[in-house]
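With positions in the sequence shown counted from 1, the corresponding number in this note's numbering is that position plus 1194. Just below is one structure, and these are the notes that go with it.
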Amino acid sequence: MPIPDDVTGFELDGDVRQDLKSLPKTLADDVARNLVMVARTLDTDPEEAYQYSRVALRLASRVASVREAAGFASYVTQRYAEALTEFRAAKRMTGRVDLWPVMADCERGLSRPERALAMAGEPEVKQLDKAGQVEMRLVAAGARGDMEQFEAAVVTLQSPELASNAIHPWTARLRYAYAEALIAAGRGEEAREWFAKAAEADTDGQTNASERLAEIDGLEFTDALDPEMADENGREIADVEQGADDDEDDELDELVEDASDDVDDDRDDRDEIVEERPRRRIAVDDTGDDKVIYEDEEDVEEYYDEDDLEIDEVDDVRDSGDRR
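Here's what the structure looks like:
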């Protein structure tokens, strides 16, 4: 695989560089550059890291640091049998026991939790430092969970390290694992407390304790930077806005319809009044100057008020006509 020109072995830990001094310089440089690429890509692209580790392994399989790097690259890509082989080789070459917990976890990955538990009781555990012993507890509790011994997993994690208020690199993971064990044991109320404690200790995002805590509380997180989520949320917002617009349109239509109904009702009322009124006739006097609206005499007073044509005026016109 191609390696960028700026990659040099100086990015490696001093112990690893010392390990590579057993190789010819040119070969050591090639191996070192592949190991640097393993370290660079292990978190972001584990499969690529695995490929670089295989190159280093072909070049220097007798170097313990190479076997260890190959073991971790296999482990993160869930090639547990290969990882276990590489870790055992590294342990045999160095005599170190710090890989013991991850070796036990490989047994879990191979669906052999009983072997992981057996390793938790081996003398090597006592040789581990505090961080290594905590890791071994985590693996043992996980193995108990694999065997559906959930209460036993809870008990396995109960330790002075768990009870301590001091914050160490492994504190958040230990508290998180304890909360998960409590959930599996059906002790949700206690689990919520420990997820909160894990979130408090998790300053660098080792766990998703905050999300688990929110899940228990019935909340939901949305990644605003996720384009798919943004599109989905945008569609949801658009749907809501469209629904609001539709509601406003419906409400406006109802108002218009009601107003139209009122107008129609007024028209109907006026039509009924007109139909009930006596038929009016228009008369023109002999001079052609005056126009008078009149009806049957007995109905005039009933349908005309003071704003209409005065009855006196009607009488005056009639009298004038008679005189002529």
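Virtual Cβ for every residue (Gly too), placed ideally from N, Cα, C. Here the structure is a predicted model, which means the values were calculated and not measured.
Option in the options with minimal Cα separation from residue i
i: A1310; options: G1339, T1220, K1324; result: G1339
i: I1361; options: D1396, Y1370, I1377; result: D1396
i: R1261; options: A1275, Q1272, R1282, K1391; result: R1282
i: I1410; options: V1296, G1399, L1293, E1384; result: E1384
i: E1342; options: E1387, V1296, E1301, E1308; result: E1308
i: W1388; options: A1378, Y1370, T1401; result: Y1370
i: G1219; options: L1253, I1377, G1315; result: Note on residue identity: the sequence assigns Lys, not Gly, to residue 1219. If we check each option's Cα against that of K1219, L1253 comes out closest.
i: A1390; options: L1407, D1213, R1302; result: L1407
i: R1234; options: L1251, G1203, G1208; result: G1203
i: V1201; options: D1223, L1214, T1238; result: D1223
i: L1278; options: R1286, M1297, A1314, G1315; result: M1297
i: A1284; options: E1241, A1263, G1315, R1386; result: A1263
i: R1386; options: S1259, G1412, G1315, E1316; result: G1412
i: L1221; options: A1393, T1238, S1255, R1381; result: S1255
Close beta carbons around residue i, own chain, < 6 Å, minus the five adjacent residues each side
i: W1364; result: A1325, V1328
i: V1319; result: M1330
i: E1345; result: A1379
i: E1205; result: V1230
i: E1301; result: R1309, A1310
Alpha carbon of residue i to alpha carbon of residue j, nearest angstrom
i: V1185; j: P1196; result: Missing from the structure shown is residue 1185; the chain here goes from 1195 to 1518 and no further.
i: L1304; j: V1230; result: 28 Å
i: Q1272; j: W1294; result: 17 Å
i: Y1372; j: Q1352; result: 8 Å
i: L1165; j: N1402; result: Absent from the model: residue 1165. The displayed extent of the chain is 1195 to 1518, so no value can be given.
i: L1214; j: E1405; result: 43 Å
i: L1368; j: S1358; result: 11 Å
i: Q1212; j: M1313; result: 31 Å
i: A1570; j: P1354; result: Residue 1570 lies beyond the residue range present for the chain, which begins at 1195 and ends at 1518; the question has no answer from this structure.
i: R1286; j: T1238; result: 30 Å
Test item: CB-CB of residue i and residue j under 8 Å
i: Y1246; j: V1232; result: yes
i: V1257; j: L1217; result: yes
i: D1299; j: L1322; result: no
i: V1210; j: L1236; result: no
i: G1265; j: E1280; result: yes
Sequence-distant residues of the same chain with beta carbon closer than 7 Å to residue i, five excluded per side
i: T1350; result: R1331, A1334, A1335, R1338
i: E1276; result: S1268
Restricting to runs no shorter than 4 residues, where is the alpha helix (DSSP H) found entirely within the segment 1233-1302? 1240-1253, 1258-1270, 1274-1288
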